[in-house]
Amino acid sequence: MSVNVSMNVNGRAVCGEVEDRTLLVEFLRENLRLTGTHVGCDTSQCGACVVHVDGRSVKACTMLAVQAEGAEVTTIEGLAQDGKLHPMQEAFRENHGLQCGFCTPGMVMSALDLVERNPDPSSAEVREWLEGNLCRCTGYHNIVKSILAGASAMRGGS
Amino acid sequence: MAENGIGASVPRTEDHRFLTGTGSYTDDSNLPHQTYAAFVRSTHAHATVALDTSAAAAAPGVVAVLTGTDLAGDQVGSLICGWVVTGKDGEPHKAPPHPALAADTVRHVGDAMAIVVAESARAARDAAELVKVDYTPLPAVVSMRDALAEGAPQIHAEAPGNLCYDWEIGDRAATDEAFGRARHVARLDLVNNRLIPNAMEPRAAIGDYNPATGDYTLRLTSQNPHIHRLVLAAFVQIAPEHKLHVIAPDVGGGFGSKIFIYQEETAVLWAAGKIGRPVKWTADRSESFVADAHGRDHETHVELALDEGGRFLGLRVETRANMGAYLSTFASCVPSYLYGTLLQGQYTTEAIYCEVKAVFTNTTPVDALRGAGRPEATYLIERIVDQAAHDMGIDPAELRRRNFIPADAFPYPTKVALEYDSGNYGLALDRALELADYNGFAARRAESEAKGRLRGIGLSAYIEACGIAPSQVVGSLGAGVGLWESGGIRFNPTGNVLVYTGSHSHGQGHETTFAQLVSDYLGVPFENIEVVHGDTEKTPFGMGTYGSRSLAVGGSALVKAMDKIIAKGRKIAAFSLEASEEDIEFSGGDFKVAGTDRSMNIAEVAFSAYVPHNYPLDELEPGLEETGFYDPANFTFPAGTHVCEVEVDPETGTTEIVHWVAVDDFGNVINPMIVEGQVHGGVAHGVGQALLEGCAYDADGQLVTGSFMDYTMPRADDLPDLTVETTCTPCPHNPLGVKGCGEAGAIAAPAAVMNAITHALGTGAIDMPATPQAVWRALNQ
Ligand code: FES
Ligand code: FES
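Protein chains in written order, with our numbering: chain S, 855 to 1012; chain U, 688 to 1468.
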């Protein structure tokens, strides 16, 4: 069955006609062609698909598009402003928090929700928070470092 | 050191697109008029099958349902294994046919039988469910022991006894003699657990066919697009090489699993030709679990003979290696030439003998995975060394030191066919022990004991053969390809540079490292350099990325091309500056007439090369573009010592890694930040193998660990912060002095973890993965 959905994605009103079983991640990737949000699994384990829905991190593979009806959605494409990376993105770049880049959008979106809840997390808190995000490349060391640096920058530190 | 030159931790060029979600992975592309594919896969480990596709073909949105019978009818060739290993009996290994779609017999769960092509991914999946498969189950063999048993069910008529090969290396008589002299013999039975690669990006492929020209295009997740093209053209014979364009765009990790030529991309490309429209397939993670080649899976008996002073007299190794149901692209060389040849380790062991039986089973094919053969070799050496140290009451660090190949003994011919080129093993060990505060361990152990915890510290002094590989050597050992690499440098008239490499980056950061190299060497600003890779129509033929070869072999090819650029630039400068060629010096991007202030920047030389209004054309050819091919003289031999310290809770069996030190000798380093990142990732992979990851099949050949719910991947809180340092003995035989760093962590880590755990537990009777259950059992049995 086809249904209409509409939501705000990265500050833009969007709508589309989708099959009712369409996942949010499919709507973002296929209908809106926002392919920065990735799909790394089919069991809600990897976190490659994390976006923000109404300010909270959500696995976009675990939610139907229709469930985001009317929501404010932010994807990785919505972070940089006027060509300038968000401090968290910049921290990943400076600290080599990514290698192949596939897990990266989910890591960054997830990290932002952590910092929203806990502006000054410890390294152990970051590791614990990342429970739902898998990375096969980095061994997490530099992801943790990046998130700590990103959090510090967002607090206005250097 | 220049700001962006060799030795600088330059932030990566590629990161901007990955961080802004604007990378271009295979699944991110859609082609006009594209269709979508889903595969019908076997749910049985071994069966004969008959398919009824009528309901699927009639389902809404279905364009075509193609089976193994259709494939055979079109004379599409079998998938191949590119390295022929010769057994003890002088016979080549057994490489039974491996069709892209099984026509009448399936041999592992996940074996593809049909491809369903439809207008949408959902329609394709729905219709795949409608293909009726009539299975007549055949007895399945899952364990290697069962497969080799007398009267075992036969998986392939071409491989009697399910034996792919029975291979040996080393000197049996000398080893027997060494054991005869031994004062002590340490013995272990070890399992090197089967791993599932799980690059975070699932494999994907988009095949396209242009009926107007007869050209095929395949866009896919590949570590080596030219090898994909070569195999699909020359062996599978879908299209001749010049009519097949293979693109490997951004690739989300490989670790070996994206080297191979698989059923799916073959079927997708063939189907695109048949229906005359693009066909796209993206794996579900569940498919990745059953269809991506697995790694490791060895069972080994190892014995080490020592004299009274603890010197290693002989090493004897007997291994069974699982090949799975078919022989994958490079499967045969992994437990032979990438394994037996590394059994010298870092030691002067006087005699070595190793035999390997490669075995077919009704499981997913097994092939190279990060390290490929070398982690298996290091694991058994470093475990048996610790066992010997324990048996003889010698400190494990001291026992290693007593047996190290001395720093002044290089080049060092091993007893297993290689010649180590350089190294300083004692230096890395000493630094690692210092960073790990090895001497303070007893006090830390006492603290742990006071809390009711067990504490252990484990070493792994690993070695690997990288920079794969000298073509002459691998050719004499059965490789069907040469393992040189290509590099191209193209100056544009405005002075900026395109760098072409036949290697491929899927996380390693070539776009940055290679630009640093070229910037440093040619004096071109870093930001004026673009690195191009992953496209058979753009780059010269190249062998791709695996075996920590990109910089050692691919970077060296770029050096050859740059030397040609400088030679040509010298001619142009001599002409333009009215000097003789011998008087032109090149440094820092400038061609200077020696002893004068007359000079031309390389950008001006490039402009001149493209605007040759007054060139003497019989002497000077326009243009500034050169290609180099580099075939290494030897492998490179990265080596080092990792130290792992663990705390074990005896109540629950949980292991916590409390400290990790890695000291690695990678030769010269171009971007230390990237190198450290590679070590981190490798260590995590090795820790995953040691503590968490274990692929399990049930007796019927069903994959029990078929999702991230059942197969434990290392997560952030499974790992500590890592202390990583390097030592440097430059590689003497490549122009950069580099050795490679991508696999070291995965090679070193498992033995370090397990030696720490056995040290904590006081028993060596434990295999990987050392899950809480396994640890608890080892403590309580
Ligand atoms: S795609 Fe893996 S959690 Fe969403
Ligand atoms: S950077 Fe490759 S999976 Fe995280």
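Heads up, the beta-carbon is just placed ideally off N, CA and C, and yes, glycines get one too. Just so we're clear, the structure is a prediction, and the values are computed from it rather than from any experiment.
query                                                                                                                    : result
Neighbour-count burial assignment, U/Lys819, 16 or more Cβ in a 10 Å radius                                              : exposed
Cβ neighbours of U/Ile1253 in the same chain (closer than 6 Å, five flanking residues each side left out)                : Phe1273
Neighbour flag for S/His995 against chain U, beta carbons, 8 Å                                                           : yes
Beta carbon shell of ligand 2 at less than 5 Å from a heavy atom                                                         : S/Leu952, S/Gln953, S/Cys954, S/Phe956, S/Cys957, S/Cys989, S/Arg990, S/Cys991, U/Met887 and U/Gly940
Nearest-angstrom Cα separation, counted from S/Glu982 out to U/Ala1403                                                   : 7 Å
Buried/exposed call for U/Gly982, threshold 16 Cβ in 10 Å                                                                : buried
Residues that S/Gly865 contacts on chain U, provided the C-beta gap is smaller than 9 Å                                  : Within 9 Å Cβ-Cβ: nothing; S/Gly865 doesn't reach chain U, min ~15 Å.
Cβ-based neighbour list, U/Thr1178, same chain, cut-off 6 Å, excluding 5 preceding and 5 following                       : Thr is not the amino acid found at residue 1178 of chain U; the sequence shown has Phe there. Closer than 6 Å at Cβ, skipping near neighbours: Val1184, Ala1293 and Leu1311.
DSSP-derived helix/strand/coil call for S/Ser911                                                                         : strand
Of the listed residues U/Gln721, U/Thr1341 and U/Ala810, nearest to U/Gly1139 (C-alpha basis)                            : U/Thr1341
U/Leu1185 (DSSP reduced to helix, strand or coil)                                                                        : strand
Chain-ordered neighbours of S/Thr992 on chain U, where CB pairs are closer than 8 Å                                      : Gly1364, His1367, Gly1368 and Ala1371
Where S/Cys903 meets chain U, residues with beta-carbon distance less than 7 Å                                           : The premise fails here: S/Cys903 is roughly 11 Å from chain U at the closest Cβ pair, so nothing lies under 7 Å.
Proximal chain S residues relative to U/Phe726, where beta-carbon distance stays under 9 Å                               : Within 9 Å Cβ-Cβ: nothing; U/Phe726 doesn't reach chain S, min ~15 Å.
Classification of U/Ser1237 by the beta-carbon crowding that lies within 10 angstroms, buried from 16 upward             : buried
Same chain, Cβ closer than 7 Å to U/Gln1268, neighbours up to 5 away in sequence not counted                             : Reading the sequence as shown, one finds Glu at residue 1268 of chain U and not Gln. Cβ within range, chain order: Arg1257, Lys1258 and Ala1261.
Residue burial classification, U/Glu816 (beta-carbon count within 10 angstroms, cutoff 16)                               : exposed
For U/Lys1044, the residue or residues it bridges with in DSSP                                                           : U/Asp853 and U/Arg1007
Cβ pair U/Thr953, U/Ala759 closer than 8 Å                                                                               : no
U/Tyr1112 - DSSP class collapsed to helix/strand/coil                                                                    : helix
DSSP state of U/Gly1315 mapped onto helix, strand, coil                                                                  : strand
Span separating the alpha-carbon of S/Ala902 from that of S/Thr891                                                       : 7 Å
C-beta neighbour in chain U for S/Gly1004, strict 8 Å                                                                    : no
Closest Cα partner of U/Leu1423 within the set U/Gly1241, U/Thr1414, U/Val1362 and U/Gly1282                             : U/Gly1241
From S/Tyr994, S/Cys989 and S/Met855, residue whose alpha carbon lies closest to that of S/Gly894                        : S/Cys989
Cβ shell of U/Thr1223 (< 8 Å), same chain only, five flanking positions each side left out                               : Pro912, His913, Arg916, Leu931, His932, Val933 and Ile934
Where U/Val1298 sits in the DSSP three-state scheme                                                                      : coil
U/Pro1093 vs U/Arg972 beta-carbon contact at 8 Å                                                                         : no
Cα-Cα separation, U/Ala1349 to S/Ile1001                                                                                 : 23 Å
Delimiting residues of the alpha helix (DSSP H) encompassing U/Ala1129                                                   : Phe1128 to Ala1137
Inter-residue spacing [alpha-carbon to alpha-carbon] between U/Leu1204 and U/Gly692                                      : 6 Å
Secondary structure, alpha helix (DSSP H): runs of 4+ residues fully inside the segment 1050–1093 of chain U             : 1061–1079 and 1083–1090
The segment 986–1006 of chain U contacting the segment 1061–1079 of chain U, beta-carbon criterion three pairs below 8 Å : yes
C-beta atoms of S/Gly1004 and S/Met942 nearer than 8 Å                                                                   : yes
Integer-rounded CB distance, given that U/Gln924 should sit under 8 Å from U/Ile946                                      : The Cβ separation is near 21 Å, so there is no contact.
Residue-chain proximity (S/Glu985, chain U), Cβ-Cβ < 8 Å                                                                 : yes
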